[in-house]
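Residue numbers for the sequence shown follow full-length UniProt numbering, so the first one is 1 and each next one is one higher.
Each residue gets a CB set at the ideal place from its N, CA and C atoms; glycine is no exception.
These figures come from a predicted structure and were not determined experimentally.
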Amino acid sequence: MLDLYIPRPETVSGLYAKLKEHKYIHVHGVPGSGKTTLAKLLHQHILQVETNPFVLYLDAWPSNGTGEYMWWRDWPSRQGFDFQNGATLILDEAQTSYYDQEFWLTLKNMNDWCPFSVITFARYGTCGQYLKHFTISHFCIRRVQNVSLLRKDLGDEIPIGLFLSRDEFDSLVARSYNADAFDASFPNCVYEITNGHVGACCDLLAAVQRHPSFHSARNAGVRYSYETFATNISTDSLMETLRGLTLFVRGLPFQHELEEPNIADVFRKVIHDGSMVVWRISEVPGLLECFERGWLHNEPVREADAQVAYAFATPLHKRYVQWLLFDISRLSEQFGTLQF
């Protein structure tokens with residue numbers, strides 16, 4: 001979706017530099033955060049900048065339990081790919097490969113001097129610390145090999161993140177969402193409550209442009225402001241519109257899934273405390289499902305600490321689940337009076 005709007009040259013070139021320096025990179029983030037588009041943009045970038053590019057983009061790993069044993073190298077080779085000097089493998093939806101122990105043990109043994117490069121994009125991956133979906137050996141990803149939601153410099157002076165930078169967000173609005181129709185206060189609000197999550201940005205902007213208050217402002221020749229937004233659009237109206245769109249809700253539960261007591265308890269705790277910090281994900285019933293479904297994101301509490309914090313990806317994600325869980329539709333507050 002994003003390649004139709006903005007090319008993200010700074011992010012893509014930085015990710016390419018990071019990949020070439022460390023040879024293996026793991027990108028993880030919640031659904032709708034732009035992983036697939038970034039993977040495809042990286043693929044295009046390699047084809048453009050390398051003299052003799054040898055790169056393969058895979059949209060997923062072959063499913064487990066097909067009845068046919070396949071050594072992991074056989075799958076890329078069937079696509080015409082070989083792990084030769086200078087080759088690059090881009091694997092999207094990498095969580096589909098977590099069952100393949102031989103593949104991940106190969107990645108574990110890669111180092112900065114490896115002749116080829118691999119980058120994996122996954123919905124979850126235990127915050128770039130331990131991928132505990134196989135039993136032979138834990139796979140610890142170095143900090144500099146990890147790319148998450150927020151743009152960070154993890155020690156190699158290459159700050160990369162899935163979320164849009166403010167410049168990228170402004171470019172998205174300018175290209176696709178009638179930027180001249182907005183007062184500066186409204187895009188500021190959108191960026192603040194979405195953190196630059198591309199699916200949330202796109203759907204929130206689309207939802208507002210569907211509302212009568214937006215059309216009234218346009219007809220009156222007035223720029224749409226945060227005050228207009230907060231005064232005219234109720235929480236219930238906004239969330240119902242978002243529920244009917246496709247990008248933002250990909251990483252959120254359906255209402256009937258919140259009827260599972262363990263799931264509901266996890267969300268109540270995260271809503272109340274801001275996050276849930278645990279040593280092992282198995283400590284809390286329901287937390288693993290929330291994580292693997294992409295409903296919560298995680299980050300290590302400290303670099304050398306095994307504690308992990310699980311939280312909503314953005315304030316808007318938190319507000320949506322709170323709306324589902326506590327039936328905020330019965331309340332009369334306007335959207336702008338609710339705290340993010």
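Excluding five sequence positions before and after glycine 294, the CB atoms of its chain that fall closer than 8 Å to its own CB belong to Val30, Pro31, Arg123, Tyr124, Arg250 and Gly251, given in chain order.
Nearest in C-alpha terms to proline 159, of all of Asn146, Phe169, Ser171 and Asp170, is Asn146.
Counting other Cβ atoms within 10 Å of its Cβ, histidine 43 reaches 16 or more and is therefore classed as buried. In the DSSP assignment, glutamate 227 falls within the alpha helix (DSSP H) that extends over 226 to 232. Under a 10 Å Cβ-count criterion, cysteine 140 is classified as exposed, with fewer than 16 other Cβ atoms of the shown protein chains found around its own Cβ.
Where isoleucine 193 is concerned, the enclosing alpha helix (DSSP H) starts and stops at 185 to 194. Under the Cβ criterion (8 Å, minimum of three pairs), the region 276 to 295 counts as touching the region 308 to 316. Segment contact: the region 82 to 93 against the region 51 to 58, three or more CB-CB distances shorter than 8 Å; contact assigned. Going by DSSP, proline 300 is part of no alpha helix (DSSP H) but of the beta strand (DSSP E) stretching over 297 to 300. The count of Cβ pairs closer than 8 Å, one atom from the region 70 to 83 and one from the region 96 to 107, reaches three, so the stretches are in contact.
Contact between lysine 35 and aspartate 112 is ruled out by a C-beta separation of about 24 Å, above the 8 Å threshold.
Serine 176 has its alpha-carbon roughly 41 Å from the corresponding atom of proline 115. For the 7 Å CB-CB criterion, phenylalanine 169 and glycine 199 do not form a contact. Between phenylalanine 267 and valine 301, the CB-CB gap reaches or exceeds 7 Å. The beta-carbon distance between leucine 316 and threonine 194, rounded to whole angstroms, is 5 Å. This is short enough to meet the 8 Å contact definition. Alanine 313 counts as buried, since no fewer than 16 other beta carbons sit within 10 angstroms of its beta carbon.
For the 7 Å CB-CB criterion, phenylalanine 186 and phenylalanine 229 form a contact. One Cα belongs to asparagine 64, the other to tyrosine 99, and the distance between them is close to 7 Å. Gln95 is the residue among Thr120, Asn188 and Gln95 whose C-alpha sits nearest the C-alpha of phenylalanine 291. The three-state reading of DSSP puts leucine 91 in strand, counting E and B together.
For methionine 276, the enclosing beta strand (DSSP E) stretches over residues 276 to 278. In this chain, the alpha helix (DSSP H) harbouring alanine 206 covers 198 to 210. Setting aside the 5 residues that flank it on each side, leucine 258 is surrounded in the same chain by Ala264, Phe267, Val321, Leu324 and Leu325, each with a C-beta closer than 8 Å to its C-beta; the list follows chain order. With 16 or more other Cβ atoms inside 10 Å of its own Cβ, alanine 39 counts as buried.
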